[in-house]
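S.K.:
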Amino acid sequence: MRHLMILICVSILHLSDAFPYSAIGPQSGHHSNYYDTIVNYFYNRDYKVPHRNKHINTGEDSAQHASYLYGRCAVRPNEFPPADETQQIKGTVEFRQLVTGGPTEVKISLQGFNVDDSKVKHGFHVHGSGDLTGGCQSTGGHYNPFGKTHRAPNDVERHVGDLGNIVENSEGRVETTITDSQLSLTGEYSIYGRAIVVHQGEDDLGKGGNEGSLKTGNAGGRLACCIIGKIDSDSGWAQEIN
Ligand SMILES: [Cu+2]
Ligand SMILES: [Zn+2]
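Taking our numbering, the leading residue of the sequence shown gets 16, the next gets one more, and so forth.
Okay, structure coming up:
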């Protein structure tokens with residue numbers, strides 16, 4: 016009986032509140048929310064908790080987060096660096112892809128590049144093996160499950176791992192996000208457990224006119240690397256989503 020009285024009171028309050036909108040606003044949406052609120056009150060009794068209520072009514076929050084796969088990679092200097100190499104490259108590479116597939120976004124944040132040398136571009140690839148037992152050298156070649164030749168990221172015929180070059184800024188940092196159509200976190204050719212490698216020199220993108228160009232892009236020694244791990248969510252991406 017007490018509930019019925021509350022229902023009537025709330026109804027009267029709400030109708031008076033809603034009435035001015037009814038002439039101009041989308042009535043169905045308004046009344047639908049109102050109906051949900053009443054239903055939630057009687058069946059859940061926790062409709063006053065905003066967070067819970069939000070999930071019951073919209074599901075936006077959980078749906079958006081659940082619809083992505085995420086990966087992260089902690090870039091560290093090569094344990095066995097090339098001779099005379101002094102750059103200590105560190106940072107993170109983050110990955111995101113819809114669970115349904117499609118392009119993969121790659122957010123790169125690195126520091127430690129020497130701004131006094133002439134090398135501003137650095138080859139940046141996914142290599143096939145997530146194995147750092149021999150430093151970055153043991154990550155193998157560019158990830159190439161389809162037996163293609165080395166090319167640029169925007170070429171269709173390329174190694175899956177061919178992400179071209181990253182470009183350091185005047186502070187010796189790289190802060191960029193790229194979107195790639197061939198990298199995938201989902202399915203048989205997922206890059207989870209494989210490696211990211213940052214090179215000393217520029218990747219010639221297969222245009223060097225020699226054998227090495229079509230295999231590695233002649234990007235030189237390996238400065239730094241990491242293994243791509245799977246994570247369930249990422250606060251960095253989540254901030255952008257919301
Ligand atoms: Cu490489
Ligand atoms: Zn390649």
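Glycine is no exception: its CB is placed at the ideal position from the N, C-alpha and C atoms.
Does the segment 111-118 come close enough to the segment 130-149 that 3 or more CB-CB pairs lie under 8 angstroms?
M.R.: No, because fewer than three Cβ pairs between the segment 130-149 and the segment 111-118 fall closer than 8 angstroms, the two stretches do not touch.
S.K.: Over what stretch of residues does the beta strand (DSSP E) that includes I181 continue unbroken?
M.R.: From DSSP, the beta strand (DSSP E) with I181 extends over D177 to V182.
S.K.: CB-CB under 6 angstroms to N233, same chain, minus the five flanking residues each way: which ones, in chain order?
M.R.: Cβ neighbours of N233 beyond the five flanking positions: D219, G223 and G227.
S.K.: Based on Cα-Cα distance, which residue from G145, G106, R91 and A167 lies nearest to K245?
M.R.: Selected option, being the one with the closest Cα: G145.
S.K.: Can you tell me whether DSSP reads L238 as helix, strand or coil?
M.R.: In this structure, L238 counts as strand in the three-state DSSP scheme.
S.K.: Can you tell which of D249, P97, H174 and A89 has its C-alpha closest to the C-alpha of Y158?
M.R.: Comparing Cα positions, the closest option is H174.
S.K.: Relative to the C-alpha of K105, which candidate in I211, G251 and D247 has its C-alpha closest?
M.R.: For the residues I211, G251 and D247, the minimum Cα distance to K105 belongs to I211.
S.K.: Quick one: is N169 buried, meaning 16 or more other Cβ sit within 10 Å of its Cβ, or exposed?
M.R.: Exposed is the call here.
S.K.: Compare the Cα-Cα distances from L125 to each of I242, I193, H165 and A89 and report the closest residue.
M.R.: Looking at the Cα atoms, A89 is the closest of the given residues.
S.K.: Here's the rule: buried if 16 or more other CB atoms are within 10 angstroms of the residue's CB, otherwise exposed. What is F95?
M.R.: Result: exposed.
S.K.: Which residues does DSSP pair with H174 in a beta bridge?
M.R.: Bridge partners of H174: none, in fact.
S.K.: State the beta-bridge partners of Y83 as determined by DSSP.
M.R.: Paired residues: L113.
S.K.: Quick one: what does DSSP say S144 is sitting in, helix, strand or coil?
M.R.: Here S144 sits in coil by DSSP.
S.K.: Output the distance between the C-alpha atoms of Y204 and N180, rounded to the nearest integer angstrom.
M.R.: For Y204 and N180, the distance between alpha carbons rounds to 22 angstroms.
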